[in-house]
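In case it helps, the working numbering puts the sequence shown at residues 13 to 319.
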Amino acid sequence: MKEINTNEKSAFIAIVGRPNVGKSSLLNRMLGQKLAIVSSKPQTTRTRIMGVLTENEVQLVFIDTPGIHKPKNELGRYMIRSVDASVSGVDACLMVTEACEDIRDTEIKLIEKFRTMDIPAVLAINKIDTVNDKAKLMLQLALYGEMMNFEAIVPVSAQNGSGIEELKDELKKLSQEGGHLFDEDTLTDQPERVLAAEMIREKLLRLLDKEIPHGTAVVIERMKTREESNIIDMDAVIYCERDSHKGIIIGKQGSMLKKIGTFARQDMENFFNCKVNLKMWVKVKEDWRNKQGLLRSFGYDKNDFED
């Protein structure tokens, strides 16, 4: 059993906000490594992703949550439940919004939740690298300051790293004594198969248009390291909802599927630090986003489907 260092502190922090404000990009920037997948499309993050940052005596355990939106199917309802579950069990929240954007109902409801649950919160105003009107940004800072007594309001850019060290310093102030929760070299609690599946799904989001990538799920059916060499053999299945979508994912003479596999394999090899032999198949499961049995088989927690 690990001996507790009385000087060590830690905090569980949920990252919350609307879709596409840069929550996952901000997590990756703070960790200094790409853990959560990112794309320009909303609802990229589907599940709670835990990232661990250990710097000297302070350990911050981040829970990256799906963007808060009005759900249209059972998968969407699962995503919203996962946000609620994450917020209810943390020491503090990091709310992320976009620079110079109007304050919307999502932010107002989150602030009400912080007050009701008496949760300390830090506000990160992201994408300041895109701001031309500094006066509008200052007005946004003032308006949020009037709405709630945040522990801190920090303008940041996940893109270029501006304000990130200041944000981490503010979050560290919320840590509590009692030792670290994880070993110092821990990055996440996500299984390797889940991380690999997410890398493939990110490429689907980036390379495919409109609704098609949102109707896909990825399952790693086999992942085994060869004993005689540093090579991982991996079999992955991409599930989609229509035969027409299957044809688009595969592409002419398999060109799109090959492109998805090439980019995904590059990320995997960088992350796992070894060669990856990736094989992929595409299968159709109609309306899988509304079928609890399929959602569970794809790795979504059954408890989050219960009212």
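Ideal Cβ placement from N, Cα and C applies to all residues, glycine included. All values reported here derive from a predicted model rather than from experimental measurement.
- Message: As a quick exercise: from N242, K185, V288, pick the residue whose alpha carbon is nearest that of D103.
- Response: K185
- Query: How do the stretch 200-215 and the stretch 168-175 stand: do at least 3 beta-carbon pairs fall below 8 Å, yes or no?
  - Reply: no
- Message: Taking the beta strand (DSSP E) that K264 belongs to, which residues open and close that run?
- Response: Run containing K264: none; DSSP gives neither H nor E here.
- Are there 16 or more other CB atoms within 10 angstroms of the CB of R30, so buried, or fewer, so exposed? buried
- Message: From the DSSP secondary-structure annotation, give me the bridge partner or partners of E253.
- Response: According to DSSP, which records beta bridges pairwise, E253 is partnered with nothing at all.
- Task: Kindly confirm or deny that the stretch 208-225 and the stretch 262-279 touch, where touching means at least three C-beta pairs closer than 8 Å.
- Result: yes
- Are at least three pairs of beta-carbons, each pair with one atom in the stretch 180-194 and one in the stretch 62-74, less than 8 Å apart? yes
- Distance between G34 and R143 (C-alpha atoms, nearest Å): Position check: residue 143 holds Val in this sequence, whereas Arg was assumed. Looking at the two C-alpha atoms, the distance is approximately 15 Å.
- Query: For V296, does the count of other Cβ atoms within 10 angstroms reach 16, so buried, or fall short, so exposed?
  - Reply: exposed
- Query: How many whole angstroms separate the CB atoms of C112 and D145, which I take to be in contact at a CB cut-off of 8 Å?
  - Reply: 7 Å
- Rounded C-beta distance between K21 and S187? I'm assuming under 8 Å. 4 Å
- Message: Which same chain residues end up closer than 8 Å to F310 when comparing Cβ atoms and leaving out the 5 residues on each side of it in sequence?
- Response: A229, V231, Y251, W300
- Can you list, in chain order, the residues of its chain whose CB lies under 8 Å from that of E182, leaving out five sequence neighbours each side? V134, E163, A164, V166
- In angstroms, rounded to a whole number, what distance separates the CA positions of F24 and V73? 5 Å
- Message: Just verifying my parser: in three-state terms, what is the DSSP assignment at V230?
- Response: strand
- Query: Beta-carbon separation of I243 and N289 under 7 Å?
  - Reply: yes
- Less than 7 Å separating the beta-carbons of C105 and V168? no
- Item | Start and end residues, alpha helix (DSSP H) containing S241 | Taken as a continuous stretch (DSSP letters only), S241 belongs to no alpha helix (DSSP H), as it is neither H nor E.
- Task: Look up F162 in the DSSP assignment and say whether it is helix, strand or coil.
- Result: coil
- In whole angstroms, what separates the C-alpha of E124 from that of M160? 9 Å
- Taking G63 as part of the beta strand (DSSP E), name the residues at either end of that continuous run. 61-67
- Task: Write down every uninterrupted run of the alpha helix (DSSP H) in the stretch 132-187 whose length is 4 residues or greater and which is fully enclosed by it, in chain order.
- Result: 146-159, 176-184
- Please name the residue, chosen from L122, I49, I137, that lies closest to D130 on a Cα-to-Cα basis. L122
- Alpha-carbon spacing of M321 relative to A208, whole angstroms: Since the displayed the chain opens at 13 and closes at 319, residue 321 lies outside it and no answer follows.
- Message: Using a Cβ-Cβ cutoff of less than 8 Å, which residues in the same chain neighbour R12 once the five nearest sequence positions on both sides are dropped?
- Response: No answer is possible for residue 12: it lies beyond the span of the chain, which begins at 13 and ends at 319.
- Between the C-alpha atoms of L39 and M268, what's the straight-line distance to the nearest angstrom? 29 Å
- Message: Quick check on this structure: which residue in K270, T198, L155, L47 has the alpha carbon closest to the alpha carbon of F283?
- Response: L47
- Task: Could you say which of A26, S37, N19, Q71 lies nearest to E199 if we only look at CA atoms?
- Result: Per the sequence shown, the amino acid found at residue 199 is Leu instead of Glu. When each option's Cα is compared against that of L199, the closest is Q71.
- Return the CA-CA distance between A147 and M107, expressed in angstroms with no decimal places. 22 Å
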